[in-house]
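Asker: Protein sequences, first through last, are from chains Y and H. Read the first sequence against this note's numbering and you will find it ends at 581, with the numbers running on by one and no gaps. Read the second sequence against this note's numbering and you will find it ends at 1581, with the numbers running on by one and no gaps.
Number of protein chains: 2
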Amino acid sequence: MKFAKFFPILKWGRGYSRQTLENDLVAAVIVTIMLIPQSLAYALLAGLPAQVGLYASIAPLVIYAVFGTSRTLAVGPVAVASLMTAAAVGQLAAQGTPEYLGAAIALAFLSGLMLLLMGFLRLGFLANFLSHPVISGFITASGIIIAASQLRHLLGVPGEGHNLLELLGSLWANLDKINLPTLVIGVFATSFLFWSRRSLKKLLLARGTKPRIADILSKSAPIAAVAATTLATWLFGLSGAGVAIVGEIPSGLPMPTLPPFDLALWTQIATPALLISIVGYVETISVAQTLAAKRRQRIDPDQELIALGAANVGAAMSGGLPVTGGFARSVVNFDAGAETPAAGAFTAIGIAGAALFLTPLLFFLPKATLAATIIVAVLSLVDVGALRRSWRYSRGDFAAMLATILVTLGTGVETGIIAGVGVSVFLHLYRTSRPHYAVVGQVPGTEHFRNINRHEVVVSPAIYSIRIDESLYFPNARFIEDRINAAIAQNPAIKHVVLVCPAVNFIDLSALESLEAVNTRLKEAGIQLHLSEVKGPVMDRLKRSHFLHDLGGQVFLTQYDAIRTLDGECARAALEARRCS
Amino acid sequence: MKFAKFFPILKWGRGYSRQTLENDLVAAVIVTIMLIPQSLAYALLAGLPAQVGLYASIAPLVIYAVFGTSRTLAVGPVAVASLMTAAAVGQLAAQGTPEYLGAAIALAFLSGLMLLLMGFLRLGFLANFLSHPVISGFITASGIIIAASQLRHLLGVPGEGHNLLELLGSLWANLDKINLPTLVIGVFATSFLFWSRRSLKKLLLARGTKPRIADILSKSAPIAAVAATTLATWLFGLSGAGVAIVGEIPSGLPMPTLPPFDLALWTQIATPALLISIVGYVETISVAQTLAAKRRQRIDPDQELIALGAANVGAAMSGGLPVTGGFARSVVNFDAGAETPAAGAFTAIGIAGAALFLTPLLFFLPKATLAATIIVAVLSLVDVGALRRSWRYSRGDFAAMLATILVTLGTGVETGIIAGVGVSVFLHLYRTSRPHYAVVGQVPGTEHFRNINRHEVVVSPAIYSIRIDESLYFPNARFIEDRINAAIAQNPAIKHVVLVCPAVNFIDLSALESLEAVNTRLKEAGIQLHLSEVKGPVMDRLKRSHFLHDLGGQVFLTQYDAIRTLDGECARAALEARRCS
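(1) Counting contacts by CB-CB distance shorter than 9 Å, is Y/Tyr473 in contact with chain H?
(2) Go through its chain and collect everything with a Cβ distance to Y/Tyr464's Cβ below 6 Å, but skip five positions before and after it.
(3) Closest Cβ-Cβ distance between Y/Glu248 and chain C: below 9 Å?
(4) So with Cβ pairs under 9 Å, would you call H/Asn1485 a contact of chain Y?
(5) Is the shortest distance between the beta-carbon of Y/Lys210 and the beta-carbons of chain H less than 9 Å?
(6) Could you give the residue range of the beta strand (DSSP E) that holds H/Ile1466?
(7) Which bits of chain H does Y/Arg392 rub up against, with CB to CB less than 8 Å?
(8) Consult DSSP for H/Arg1434 and reduce its assignment to one of helix, strand or coil.
(9) Whole angstroms is fine: what's the gap from Y/Gly441's alpha carbon to H/Asp1561's?
(10) Taking its Cβ as the centre, do 16 or more other Cβ atoms sit within 10 Å of H/Gln1019, making it buried, or is it exposed?
(11) When Cβ atoms are compared, which residues of the stretch 121-148 of chain Y fall closer than 7 Å to chain H?
(12) Where H/Glu1456 and Y/Ser39 are concerned, what is the direct C-alpha to C-alpha distance, given to the nearest angstrom?
(13) From Y/Glu576 to Y/Gly445, what does the alpha carbon distance come to, in whole angstroms?
(14) Excluding five sequence neighbours on each side, which residues of the same chain lie with their C-beta closer than 7 Å to the C-beta of Y/Arg329?
(15) Rounded to a whole number of angstroms, what is the C-alpha to C-alpha distance between H/Tyr1473 and H/Phe1479?
(16) On the three-pair Cβ rule with 8 Å, is the stretch 1007-1018 of chain H touching the stretch 1316-1327 of chain H?
(17) Is the CB-CB distance between H/Arg1295 and H/Thr1069 below 9 Å?
(18) Tell me which same chain residues have a C-beta within less than 6 Å of the C-beta of H/Gln1528, skipping the five on either side of it?
(19) Assuming the contact rule is C-beta atoms closer than 8 Å, Y/Val500 and Y/Ile466 should be a hit. Round their C-beta distance to whole Å, please.
(20) Taking Cβ positions, are Y/Thr140 and Y/Asp383 nearer each other than 9 Å?
(21) Along the chain, where does the alpha helix (DSSP H) containing H/Arg1388 start, and where does it finish?
(22) Report the CB separation of H/Ser1424 from H/Ala1400 in whole angstroms; it is logged as a contact under 8 Å.
(23) Could you tell me which residues DSSP puts in a beta bridge with H/Thr950?
(24) So which residues on chain Y does H/Ala1399 lean against when the C-beta distance must stay under 8 Å?
(25) Determine the DSSP secondary structure at H/Asn1451, reduced to helix, strand or coil.
(26) Run through the DSSP bridge pairs and tell me what H/Gln1091 is partnered with.
(27) So Y/Val443 contacts chain H; which residues on that side make the cut at Cβ distance below 9 Å?
(28) CB Y/Ser72 to CB Y/Asn312, shorter than 9 Å?
(29) Identify the contact partners of H/Val1332 in chain Y, using a Cβ-Cβ distance below 9 Å as the criterion.
(30) Run the proximity test for Y/Gly325: is its beta-carbon closer than 8 Å to any non-hydrogen atom belonging to the ligand MN?
(31) Count Cβ pairs between the stretch 1362-1375 of chain H and the stretch 1241-1253 of chain H that sit closer than 8 Å; are there 3 or more?
(32) Identify each residue in the stretch 546-571 of chain Y for which the Cβ-Cβ distance to at least one residue of chain H is less than 8 Å, and report them in chain order.
(33) Please name the residue in Y/Phe346, Y/Val439, Y/Pro254 whose C-alpha comes closest to that of Y/Ala65.
(34) In chain order, what residues of the same chain have a beta carbon less than 7 Å from the beta carbon of Y/Gly90, not counting five sequence neighbours either side?
(35) I'd like to know if H/Ser1465 contacts chain Y, where contact means its C-beta is closer than 9 Å to some C-beta of that chain.
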């Protein structure tokens, strides 16, 4: 049983039927057609030779089919991870050198190992540290950076940079070098792809094409653009007119490779590898869960770590770049009717065929066409509306999203995501450091207690009852001390302080020591500190300390008990809906 | 009024009487006697000329007297801040160079500016990020490192290092170079100081000495040790026998200095300056609050930032090193009867007298005596029992404390405190990422709902009521999704999911989006999602989103309302204490 848990293939493989096979094959054909140009494009985005993109779409797909728990997730090189790869490796080596390729392989390998380790240690919760606003902001900013980085291929000008400022600056400086034939190809390919994505399928359906055929045809638009622009470049000799082409792509399947085992290198790429792992995992698990829910299937988050980790190790050992479960391709796979991960394995066979036989045909493929493919794909990642939605709901979440976007655009992907996580953790701690609290009084005629500022309630002048709507722990430990000190200093009539704890889920050592300090000070001032409505687990923990022993007052089951015991007359008066003096 | 708030001296200065003056003067004499050797010692610990320690005990005390809200806090160079200064500045320049002194001055200046800024922006809550276990572990580890760093002066051997391993390693390597006269002086001074701290006052009181005289005499033990060992070194010409002496200390008052305005330097010391600011502030505010509470006085935490910041700027501009409100000296000041910050100003006059007239007498003062002063002072900081107490109360707090101690001992003060903060924030997020939750049912005969695992309760098979005892936010957003998905997959009878929210103080955007995803999935499965007992502020925020509009089910004021509405028969059965089928 335990063993089978690590191999979900054993489960779905058993019920595999002829009908399933047919559905999986059709989906595989559609995804293969979509993946060929994308794989080439993302390899170029990562600064790697084009064939590496194809390689990364072979072994990882087969490996995911064995280990993955999602039936329809399609893994492979994706835009954001490719950009992060370029950013990380670009700091260590120059593009085109063996060191650059080696560092990319090491990055995929290390990130695979990290995912495997997280899977075996069940550390999937690490992904939680990326809050939704941070992920959303990061993906939007990455999309913008990627699109900007591809503009130079559309214009045929030199230039580079890892953030928006550098990219736009280098474009601006080279605007006089625009290559007209490149621009024409680029604008044509981009317009065609945008148009086909938006209207082609509708058009075909309106003309009476069968839905499945219409689907395949519209998904083939990128490959049609590749074919048309390659043909045009060859026919008109455009590469002589300055149009950059992909050039020779070695045919054949990937050879098994090992990452360079160089400790200094591994240390340098550790942080980017971790970030790629976590970002990739979050994207993978979100896509997988969304698709699984539509068919009432279940995803095992820890097993997904293992599957994605193994896929990345596989990507590294077949000479590729880091892979992730991609959103667009998974949705295409799902919509095309894929039923099992076998569809992914069939896709791998299709890509392997392309790597073996198609590469000579791609010699004259203009880089502008690949750039157009990327731009059209990534602009769908940009979600500026999310900023507006988060602003409306919560200023804190908005701040985290905006910080992630601005830092990513301004300085690059790694600092961007780290800044986002930092800001969201910081804002969370800041928020809980000033928790919501209410001084409470008894609602007349009842045994209920409510905020004295929001309700007509009865309070005993000798009793200060304060309800903290938050767990008590280090960020807010001092806050509570300050609140109680201030209340005591202002109200000389107070003889009892009651801490009402129904919303206190936890008291950590810092808060406990603050409460001990409060208790000691109150005792010296002749005031008793009481607790009421303490939850079971909190009480269990308090019993392990000296606090209850030293407590000046008592612990009451309910706040009503507290008031009845400490000022019986007032409690009775409140029940009869009178003011107690 | 606003203006006076920044100058607490205007408040206490008004009621200043002859009796107050007398008390303050006596306290000042005792503290001065204590501070002279300590100031010299901490300057040496920070790697600075001895007189710098005296300088740092003049201007800052006067400045704190003007701005501070504590009546009895004594600021000046302290052990931990001096160690942190040595660690930070030691990376930038060699001891004894003008660059070293300049960097120390810049550190004091920058840390003063940071504190002032935090004070004006009311950012005192930043200190909350240092949880009690982290501070406690950090101070314990610093005490151990400081004691270890002084051992070489006791033994008269060369050696250095910024963490325990380096220090012990360099001691071990130089053990053959022990200087016997130094060792004799060191052991004598250390034993005498330990003995006098423990027993001298008792002995004097037993012999009938007046308490105040006994107090002054026992506080004078360090200065007696200084006098005795200096005299012995001079008489027996021990400096010729290899005993390291303080040597010439220039007489006179500090000249006004300006820190070097060098951006590169400031960038390098920014992190240490921030850490020194925050550690110093936490120590200051803790001491101030403890002492103030004993006499029912109030401390203004934001004004303390300003006072400490101004004191540090003052320290920098009189050529000194970073200052902090010290625990030992403040307690001595308090016990000696100081009533107002004027006692601090009088102490400053005493120290200024020492700087003017006493320094020639200190030429033959052995460094071993100063090392003994430091060791005796810092060993009282070491609190190993805190580890045991935290282990008993909470494994998480224990882990944070242990990590702080080990990393500080193993790598040094800066990484130690950063590691401690990192671990405590991480553990906090980890804990809230797996919040306590309970599936609840109705307690028979009541309208109350309790955990089905802890109580005999009635549940409707069609309704899954889950109470999450934690705010819903990014670290636990996915957890709730997973819990509900798992429950639905296991119980096909479920028609309604009710999220019972009395302990939910906040729902952030990540959690909201998770709830939206849950709602959508449940809807597609024909299951309704409901909420109950949602707090006012949470409800207000939800109304700003689309969630309530899209919600498949309803929002109920109480859980009983929910059950009555969704399964009236079951609710009635439960009230009659029957099982509902």
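For every residue, glycine included, the Cβ atom is placed at its ideal position computed from N, Cα and C. Remember, predicted model here, so these are calculated numbers, not experimental data.
Answerer: Judging by the given coordinates:
(1) For the purposes of this step, residue 473 of chain Y is identified with residue 473 of the first sequence, where counting begins at 1. Closer than 9 Å to some Cβ of chain H, the Cβ of Y/Tyr473 qualifies, so yes.
(2) Locating residue 464 of chain Y in the first sequence gives position 464, where the first residue counts as 1. Ala487, Ile494, Val497.
(3) In the displayed structure, chain C is absent; the protein chains listed are Y and H.
(4) Residue numbering aside, residue 1485 of chain H sits at position 485 when the second sequence is read from its first letter. Chain Y contact via Cβ: present.
(5) As a working note, residue 210 of chain Y is residue 210 in the first sequence. Answer no: the Cβ-Cβ gap between Y/Lys210 and chain H never drops below 9 Å.
(6) Locating residue 1466 of chain H in the second sequence gives position 466, where the first residue counts as 1. 1463-1468 is the extent of the beta strand (DSSP E) around H/Ile1466.
(7) Counting from 1 along the first sequence, the entry for residue 392 of chain Y is found at position 392. Those are Arg1544, Ser1545, listed as they occur along chain H.
(8) What you label residue 1434 of chain H is simply residue 434 of the second sequence in a count that begins at 1. Coil at H/Arg1434, not helix or strand.
(9) Locating residue 441 of chain Y in the first sequence gives position 441, where the first residue counts as 1. Locating residue 1561 of chain H in the second sequence gives position 561, where the first residue counts as 1. Distance between the alpha carbons of Y/Gly441 and H/Asp1561 is about 24 Å.
(10) Looking up residue 1019 of chain H in the second sequence gives position 19. Under this definition H/Gln1019 is an exposed residue.
(11) Phe125, Asn128, Phe129, Ser131, His132, Pro133
(12) For the purposes of this step, residue 1456 of chain H is taken as residue 456 along the second sequence, with counting starting at 1. For the purposes of this step, residue 39 of chain Y is taken as residue 39 along the first sequence, with counting starting at 1. Looking at the two C-alpha atoms, the distance is approximately 59 Å.
(13) By 1-based counting over the first sequence, the position of residue 576 of chain Y is 576. By 1-based counting over the first sequence, the position of residue 445 of chain Y is 445. Whole-angstrom Cα-Cα distance: 6 Å.
(14) Taking the first sequence and counting its residues from 1, the one referred to as residue 329 of chain Y is at position 329. Result list for Y/Arg329: Val31, Met34, Leu35, Ala74, Gly76, in chain order.
(15) Here residue 1473 of chain H refers to the residue found at position 473 of the second sequence. Here residue 1479 of chain H refers to the residue found at position 479 of the second sequence. Taking the straight line joining both Cα atoms gives about 10 Å.
(16) no
(17) Residue numbering aside, residue 1295 of chain H sits at position 295 when the second sequence is read from its first letter. Residue numbering aside, residue 1069 of chain H sits at position 69 when the second sequence is read from its first letter. No. Outside cutoff.
(18) Within the second sequence, residue 1528 of chain H is the residue found at index 528, counting from 1. Excluding residues within five positions, the ones whose Cβ falls inside 6 Å are His1496, Gly1552, Gly1553.
(19) The count along the first sequence starts at 1 and reaches residue 500 of chain Y at position 500. The count along the first sequence starts at 1 and reaches residue 466 of chain Y at position 466. That belief holds up - the Cβ atoms of Y/Val500 and Y/Ile466 are roughly 7 Å apart, short of 8 Å.
(20) As a first step, residue 140 of chain Y must be located in the first sequence, where it is residue number 140. As a first step, residue 383 of chain Y must be located in the first sequence, where it is residue number 383. Yes; because the gap between Cβ atoms is below 9 Å, this pair is in contact.
(21) For this step, residue 1388 of chain H is matched to residue 388 along the second sequence. 1385-1393 is the extent of the alpha helix (DSSP H) around H/Arg1388.
(22) In the second sequence, counting from the first residue as 1, residue 1424 of chain H sits at position 424. In the second sequence, counting from the first residue as 1, residue 1400 of chain H sits at position 400. That pair is a contact at about 4 Å.
(23) The structure shown does not extend to residue 950 of chain H, since chain H is modelled only from 1001 through 1581, so no value can be given for it.
(24) By one-based count along the second sequence, residue 1399 of chain H stands at place 399. None at all; the shortest Cβ gap to chain Y is about 11 Å.
(25) Sequence index remark: in the second sequence, residue 1451 of chain H carries index 451 (1-based). Correct three-state label for H/Asn1451: strand.
(26) Locating residue 1091 of chain H in the second sequence gives position 91, counting from the first residue. Answer is none; H/Gln1091 lacks a bridge partner.
(27) Start at 1 with the first residue of the first sequence, and residue 443 of chain Y comes out as number 443. By Cβ distance, chain H contributes nothing, its closest Cβ being about 14 Å from Y/Val443, past 9 Å.
(28) The residue given as residue 72 of chain Y occupies position 72 in the first sequence. The residue given as residue 312 of chain Y occupies position 312 in the first sequence. In the sequence on display, residue 72 of chain Y carries Thr and not Ser. In this structure, Y/Asn312 does not lie closer than 9 Å to Y/Thr72 by Cβ.
(29) Start at 1 with the first residue of the second sequence, and residue 1332 of chain H comes out as number 332. None at all; the shortest Cβ gap to chain Y is about 21 Å.
(30) Ligands are entirely absent from the displayed structure, and the ligand MN is therefore not among its contents.
(31) yes
(32) none
(33) Stepping through the first sequence from its first residue, residue 65 of chain Y is reached at position 65. Minimum Cα distance to Y/Ala65 is reached at Y/Phe346.
(34) In the first sequence, residue 90 of chain Y corresponds to position 90, counting from 1. Same-chain partners within the cutoff: Gly47, His162.
(35) Stepping through the second sequence from its first residue, residue 1465 of chain H is reached at position 465. Chain Y, which has no Cβ nearer than 9 Å to the Cβ of H/Ser1465, makes this no.
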